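Protein chains in written order, with the working numbering: chain S, 271 to 379; chain Y, 140 to 256.
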Amino acid sequence: QQPVQSPQAVILREGEDAVINCSSSKALYSVHWYRQKHGEAPIFLMILLKGGEQKGHDKISASFNEKKQQSSLYLTASQLSYSGTYFCGTEAAGNQFYFGTGTSLTVIP
Amino acid sequence: DTEVTQTPKHLVMGMTNKKSLKCEQHMGHRAMYWYKQKAKKPPELMFVYSYEKLSINESVPSRFSPECPNSSLLNLHLHALQPEDSALYLCASSRPLAGEVRTDTQYFGPGTRLTVL
């Protein structure tokens, strides 16, 4: 039931782009994206409520393919502050909410 | 005010102790959550309260007992815990989406780091 994220870990140089994928085996109502830095609480990035919806702010955007039960998070021109662990959170029938397996992202100068 | 506060920040307890974790929010959110997070793992949902009623209990052992005294406050009472219960306990709150018990943006507190000896 836990969504699977890929890749598990990625290292980027400043300015490079990255894509993080989130895949669920269940039909989804919504997908959330969070970033968590070591020792801190998860911080909300965005929520996607409808299939095909794409959202973004600054250089971080996301898409939600309802039919494939997948979501992708796009980080462009990465900055050092983007480092952390990214989690998708998926909501399925029965008010079930699960965080994905996580993707560790490290941005180096 | 988009803050969720949790107390205490750190807690060390023995297996025979009784302790409580506290979570508070003043954003008018009517959904509140407890999560457990082990190192390098994603948060695991434990309980969800919606409009002060327990709506989800993810098969959590009875040594964890949640309580929602009012719309701003959420407690987690701990009794006879095991060392494997040591973890970061996160509280979150959200505004239920109109007409449904679904999650909207969840705002997380800083967590309570619990160590059971």
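C-beta atoms are modelled at their ideal positions from N, C-alpha and C, and glycine is treated no differently.
Nothing here was measured: the structure is a model prediction, and the numbers come from that model.
query                                                                                                                         : result
Positions along the region 197-209 of chain Y whose CB lies within less than 8 Å of some CB in chain S                        : none
Residue 238 (chain Y) - DSSP class collapsed to helix/strand/coil                                                             : Residue placement at residue 238 (chain Y) is poorly supported in this model, since its pLDDT is 47, which falls under 50; the coordinates still yield a value, given next. Three-state result, residue 238 (chain Y): coil.
Residues from the region 316-348 of chain S in contact with chain Y, defined by Cβ distance under 7 Å                         : 317
Proximal residues of chain S, C-beta to C-beta of residue 246 (chain Y) below 8 Å                                             : 314
Min CB distance residue 354 (chain S) to chain Y below 9 Å                                                                    : no
Terminal residues of the beta strand (DSSP E) in which residue 304 (chain S) lies                                             : 298-306
Neighbour flag for residue 243 (chain Y) against chain S, beta carbons, 9 Å                                                   : yes
Residues that residue 207 (chain Y) bridges to, as DSSP identifies them                                                       : The partner list for residue 207 (chain Y) (beta bridge, DSSP) is empty, contrary to what the question assumes.
Given residue 216 (chain Y) as reference, the closest of Y:203, Y:162, Y:224, Y:163 once Cα atoms are compared                : Y:203
Residue 190 (chain Y) classed as buried or exposed, judged by whether at least 16 other C-beta atoms fall within 10 angstroms : exposed
Residue 232 (chain Y) - partner residues in DSSP beta bridges                                                                 : Y:171, Y:246
Contact list for residue 373 (chain S) against chain Y, beta-carbon separation under 7 Å                                      : Residues of chain Y passing the Cβ test: none, with the nearest at roughly 10 Å.
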